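*Asks:* In the numbering used here, the protein residues as written are -1 to 960. Next up is a structure, given as structure tokens.
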């Protein structure tokens, strides 16, 4: 306990009285009793000790030891850095905010001129205790003898702990305050005393003994900052940290007891801990079969790497890249001290099955780990496995973590209004990790690649996301799906990961050589802390291949590249073109509908002929409208039992059901009835990480890498029964019109999505189709031919159009890249800065909510989601799509909440302006999940007006314009 007698010997009486009075949390936010400032600082330091002992990866602890000056020194420095975050509350700018606390402070002899304080706040409303703490740290730590280079990186951790890092100019006290926000006279003595007493309680003899020995990299500073915030948030949970208003009860030991109770109750746990390097038998133990040559190649490569780096695995669909990456991640984690893994997938739909596979993998390592895997995307509430995991969790209290920033200036500065409130996300992974912005902090995370890209954006609390990646192995699947816009964020993220020494495994079946070069260069530039680092990345000599790159202590990048043959023999895939007449730009609606009907009928004739003896066909259309139109044609021919439709304009619940059904009916382990017939009409949802095995593929033209991804759904498993006429794999390419003596015409939707340049070059490799592609052997050459723009490819009659398309694409790519750069975490030219000061200044800042972040990292026309409800003409109440009653105002009872939330659907971008007029139902305004949701009210026939258009919804076709 704090010895008041000793304090009285060391400090003047007014200082001791101030220490007994300065408040860190008001009693309204500390369980009914004021929490003294020193108590909160020590609580946070005690939480930090538990983070060190039970959460931080071995690699993070090692680097913190180095920063602190050697083994065994990092823990105490880490606790000090976390605890000192709120030191700036020992100022009038904070103490004046709570009237009761302010009066007590004045009675203790500390005063300020309120008029001057108000004037200062008016000049700069962001000048609060966080900025005050940063300014004070620079001054008082300098007085203690700290070197300038250590001061320069430590003060932003204090000034930025509310989510954004100011510049040194920003933290200067506003002139009109005349010192009344920072505090003058006696305040300075009190501020020194708070820091001294806190420092001694943590275990240092004096401030000069705290000084770090090494300046960490900027990436490590950012991760450390996130851990500071994490410790603060945990120590602000008033359930476990009830206020202490008697200084005699405040001590590091008391805080350790409080922190231990909180830690136990919250169930916070790390990941692997100390992991032994797996032996040769581990692969079979994890996955039930011996590694294939390509998988063994990847595992051997990561065993030989000289340090953490980037590993690019290129292998065909069905080769077992996922298992290879998981086995490699385990080796990297064991070798370099990682404690968990983040797996980033291209879409929510591909994240769900990967969640299952990741849980199975970590459970095979240790049965305790499966319950620690978090699924991280906006629609996870509709994943059945995730819901089953969470059914027994306790409800989040409305006030949890509100004490963190009780006098904040933002509506939701700490992500309190998260999906974890309202209807609770229950048990399994520690409940704490389920809140907004905290998901990446869980030890094992599966989500969309967006979660990684968010960590590369200039957003509030980006440090939490980056801290979540510290001490993990990052696995990114299907990276070829990142377009030019998204690639800016991906490369920015790789820079930060490279600088932090986080191992990264990149997977792709169809990676363009230029993309491989860019990814490796970005990682190595980060590792070298360079703005640019041009390196010659060796080309693989075969396929499947693996490329590993890292930066050893010598400073020169190292590469290992290897290739082997596929475990399966090549498939000879016959490629046929099904010409489709395209409407002109001035064609009437009737003409477009007529031509679409003819195209649909032609596909129907083709399928009737090819599936005459039964079998399965996958048809992929490039737009929802084309898929719906074809489905209507095929349903009329074959009946609803033999045709399925899957696209993104079903409600989230219906789409989840349809996806699950499609994977079950066309999956590798589903028995195929002899003579049975099934056709799945889908959009790009079925393009990648979609484990189906079709006998026949019909697909709209797409860039060659995506076309090959679609081919990967064809004849995927050798032991699947197929009718005789379908035993040779064939793909029929639709969606464009070959024209004599000139370039082909493409479907409007295809051009809008992919651009003419890549469509023309892909059409050129199909020119005079009727040939056979050897898959996978031909994959690298096909991708390189199409994507290497300097390779002559187009027929003479196409070249003029091709050159115009190339120039148009280059201009578009430049514009999109420039648009993305305004949101990047680090502006161009600032990658060699050494501290976090001013990180959030100098460009556009993306919003922190999920929809704003997704809009920032994904290019394209803005679209909005709506919740579908029904109200008939004579119905007094609103109803769900299934007909269950809400109320006159739309109030949602708990037992129908899942049904209402499952009725979310994303509108086409053309309806965004009209949808802006939609509002929540009156009964939703106080609901934590629905208050910001737009309701689209359908009539009893399932129709609604949107602007000048009429749309309809049903479970067979989804949303469509009528």
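Think of the CB as a built atom: it goes at the ideal place given N, C-alpha and C, for glycine as much as any other residue. Everything numeric in this text was worked out from a predicted model, so none of it was measured.
Would you say residue 694 and residue 634 are within 8 Å of each other, going by their C-beta atoms?
*Replies:* What you label residue 694 is simply residue 696 of the chain shown in a count that begins at 1. What you label residue 634 is simply residue 636 of the chain shown in a count that begins at 1. For residue 694 and residue 634, no; Cβs fall outside 8 Å.
*Asks:* In this structure, how does DSSP classify residue 511 when only helix, strand and coil are distinguished?
*Replies:* Against the chain shown, residue 511 aligns to sequence position 513. Here residue 511 sits in helix by DSSP.
*Asks:* Please classify residue 540: does DSSP put it in a helix, a strand, or coil?
*Replies:* Taking the first residue of the chain shown as position 1, residue 540 is located at position 542. Residue 540 falls in the coil class under three-state DSSP.
*Asks:* Would the region 355 to 370 and the region 269 to 287 be scored as touching if the rule is three or more Cβ pairs under 8 Å?
*Replies:* Flag = yes, the region 355 to 370 and the region 269 to 287 touch.
*Asks:* Apply the 10 Å Cβ neighbour rule to residue 737 and answer buried if 16 or more other Cβ atoms are within range, or exposed otherwise.
*Replies:* Translated into positions along the chain shown, residue 737 becomes position 739. Answer is exposed; the Cβ neighbour count stays below 16.
*Asks:* With distance defined between alpha-carbon atoms, name the residue in 284, 325, 272, 307 nearest to residue 295.
*Replies:* As a working note, residue 295 is residue 297 in the chain shown. The option with the nearest alpha carbon to residue 295 is 325.
*Asks:* Look at the Cβ atom of residue 699, then the Cβ atom of residue 733, and state whether they are nearer than 8 Å.
*Replies:* Looking up residue 699 in the chain shown gives position 701. Looking up residue 733 in the chain shown gives position 735. Yes; because the gap between Cβ atoms is below 8 Å, this pair is in contact.
*Asks:* According to DSSP, which residues form a beta bridge with residue 363?
*Replies:* Taking the chain shown and counting its residues from 1, the one referred to as residue 363 is at position 365. BP columns for residue 363 are empty, so no partner.
*Asks:* Closer than 7 Å by C-beta to residue 73: which residues in its own chain qualify, once you throw out the five before and the five after it? Chain order, please.
*Replies:* The residue given as residue 73 occupies position 75 in the chain shown. Around residue 73: 47, 50.
*Asks:* Check this for me: beta carbons of residue 134 and residue 468, under 8 Å apart or not?
*Replies:* On the chain shown, residue 134 is found 136 positions in, with the first residue counted as 1. On the chain shown, residue 468 is found 470 positions in, with the first residue counted as 1. Contact flag unset, no.
*Asks:* Would you mind reading off the limits of the alpha helix (DSSP H) that contains residue 829?
*Replies:* Counting from 1 along the chain shown, the entry for residue 829 is found at position 831. Looking at the DSSP string, residue 829 is not in any alpha helix (DSSP H), and its letter there is neither H nor E.
*Asks:* Determine the direct distance from the alpha carbon of residue 622 to that of residue 682, and round the result to whole angstroms.
*Replies:* In the chain shown, the residue the question calls residue 682 occupies position 684. In the chain shown, the residue the question calls residue 622 occupies position 624. Roughly 9 Å between the two C-alpha positions.
*Asks:* CA-CA distance, residue 1 and residue 464?
*Replies:* Against the chain shown, residue 1 aligns to sequence position 3. Against the chain shown, residue 464 aligns to sequence position 466. Taking the straight line joining both Cα atoms gives about 40 Å.
*Asks:* Counting only the same chain and skipping the five closest in sequence on each side, list residues whose C-beta sits under 7 Å from that of residue 761.
*Replies:* In the chain shown, residue 761 corresponds to position 763, counting from 1. These residues qualify, in order along the chain: 699, 734, 742.
*Asks:* Label residue 611 either buried or exposed according to how many other C-beta atoms from any shown protein chain fall within 10 Å of its C-beta, with 16 as the threshold for buried.
*Replies:* As a first step, residue 611 must be located in the chain shown, where it is residue number 613. When all chains shown are included, residue 611 counts as exposed.
*Asks:* Given residue 321, which residues of its chain have a CB within under 7 Å of its CB, disregarding the five upstream and five downstream residues?
*Replies:* Here residue 321 refers to the residue found at position 323 when the chain shown is read from its first residue. Result list for residue 321: 285, 293, in chain order.
*Asks:* Could you give the residue range of the beta strand (DSSP E) that holds residue 951?
*Replies:* Translated into positions along the chain shown, residue 951 becomes position 953. 947 to 952 is the span of the beta strand (DSSP E), which, as asked, contains residue 951.
*Asks:* List the endpoints of the continuous alpha helix (DSSP H) containing residue 127.
*Replies:* Translated into the one-based positions of the chain shown, residue 127 becomes position 129. First-last of the alpha helix (DSSP H) with residue 127: 127 to 141.
*Asks:* Using the Cα positions of residue 246 and residue 34, report the straight-line distance between them to the nearest angstrom.
*Replies:* For the purposes of this step, residue 246 is taken as residue 248 along the chain shown, with counting starting at 1. For the purposes of this step, residue 34 is taken as residue 36 along the chain shown, with counting starting at 1. Approximately 11 Å, taken between the alpha carbons.
*Asks:* For residue 704 versus residue 777, is the C-beta spacing smaller than 8 Å?
*Replies:* Locating residue 704 in the chain shown gives position 706, where the first residue counts as 1. Locating residue 777 in the chain shown gives position 779, where the first residue counts as 1. Result no, Cβ atoms of residue 704 and residue 777 do not sit closer than 8 Å.
*Asks:* Three or more C-beta pairs under 8 Å: does that hold for the region 910 to 921 against the region 938 to 946?
*Replies:* Result yes; three or more Cβ-Cβ pairs closer than 8 Å.
*Asks:* Considering only residues of the region 664 to 746, which uninterrupted alpha helix (DSSP H) runs meet the minimum length of 4 residues and lie entirely inside it, listed in chain order?
*Replies:* If we require 4 residues or more, the alpha helix (DSSP H) runs fully inside the region 664 to 746 come out as 702 to 709.
*Asks:* Apply the 10 Å Cβ neighbour rule to residue 167 and answer buried if 16 or more other Cβ atoms are within range, or exposed otherwise.
*Replies:* Position 169 of the chain shown, counting from 1, holds the residue named residue 167. With fewer than 16 other Cβ atoms within 10 Å, it is exposed.
*Asks:* Measure the Cβ-Cβ separation of residue 257 and residue 332 and say whether it is below 8 Å.
*Replies:* Within the chain shown, numbered from 1, the residue matching residue 257 stands at position 259. Within the chain shown, numbered from 1, the residue matching residue 332 stands at position 334. Contact flag unset, no.
*Asks:* Where does the unbroken alpha helix (DSSP H) through residue 4 begin, and where does it stop?
*Replies:* The residue labelled residue 4 in the question sits at position 6 within the chain shown. From DSSP, the alpha helix (DSSP H) with residue 4 extends over 2 to 8.
*Asks:* As an exercise, report each continuous alpha helix (DSSP H) stretch of at least 4 residues that is fully enclosed by the region 162 to 211, in chain order.
*Replies:* DSSP runs (the alpha helix (DSSP H)) wholly in the region 162 to 211: 184 to 200.
*Asks:* Would the region 140 to 156 count as touching the region 814 to 828 if we require 3 or more Cβ pairs under 8 Å?
*Replies:* These segments do not touch.
*Asks:* Express the C-alpha separation of residue 160 and residue 13 in angstroms, rounding to a whole number.
*Replies:* By one-based count along the chain shown, residue 13 stands at place 15. By one-based count along the chain shown, residue 160 stands at place 162. For residue 13 and residue 160, the distance between alpha carbons rounds to 28 Å.
*Asks:* Pull up the DSSP beta-bridge partners for residue 557, would you.
*Replies:* Within the chain shown, the letter at position 559 stands for residue 557. 547.
*Asks:* Out of curiosity, what's the CA-to-CA distance linking residue 441 and residue 545?
*Replies:* Your numbering for residue 441 matches position 443 in the chain shown. Your numbering for residue 545 matches position 547 in the chain shown. Residue 441 and residue 545: Cα-Cα distance of roughly 27 Å.
*Asks:* Please return the same chain residues whose Cβ sits closer than 7 Å to the Cβ of residue 38, not counting the five positions on each side in sequence.
*Replies:* Your numbering for residue 38 matches position 40 in the chain shown. Counting only Cβ-Cβ distances below 7 Å, and skipping sequence neighbours, we find 22, 23, 84, 233.
*Asks:* Can you give me the Cβ contacts of residue 328 inside the same chain, cut-off strictly under 6 Å, excluding the 5 residues immediately before and after it?
*Replies:* The residue given as residue 328 occupies position 330 in the chain shown. Within the same chain, residue 328 has close Cβ partners 276.
*Asks:* Are the region 469 to 488 and the region 442 to 452 in contact at 8 Å, needing three or more beta carbon pairs?
*Replies:* Taking 8 Å as the limit for Cβ pairs, the verdict is that the region 442 to 452 does touch the region 469 to 488.
*Asks:* For residue 637, does the three-state DSSP call read helix, strand or coil?
*Replies:* Within the chain shown, residue 637 is the residue found at index 639, counting from 1. Correct three-state label for residue 637: coil.
*Asks:* Please determine whether the Cβ atom of residue 231 lies at a distance below 7 Å from any heavy atom of the ligand ATP.
*Replies:* No copy of the ligand ATP occurs in the structure displayed, which carries no ligand at all.
*Asks:* How should residue 11 be labelled, buried or exposed, when 16 other C-beta atoms within 10 angstroms of its C-beta is the threshold for buried?
*Replies:* The residue labelled residue 11 in the question sits at position 13 within the chain shown. Exposed, since its Cβ has fewer than 16 Cβ neighbours within 10 Å.
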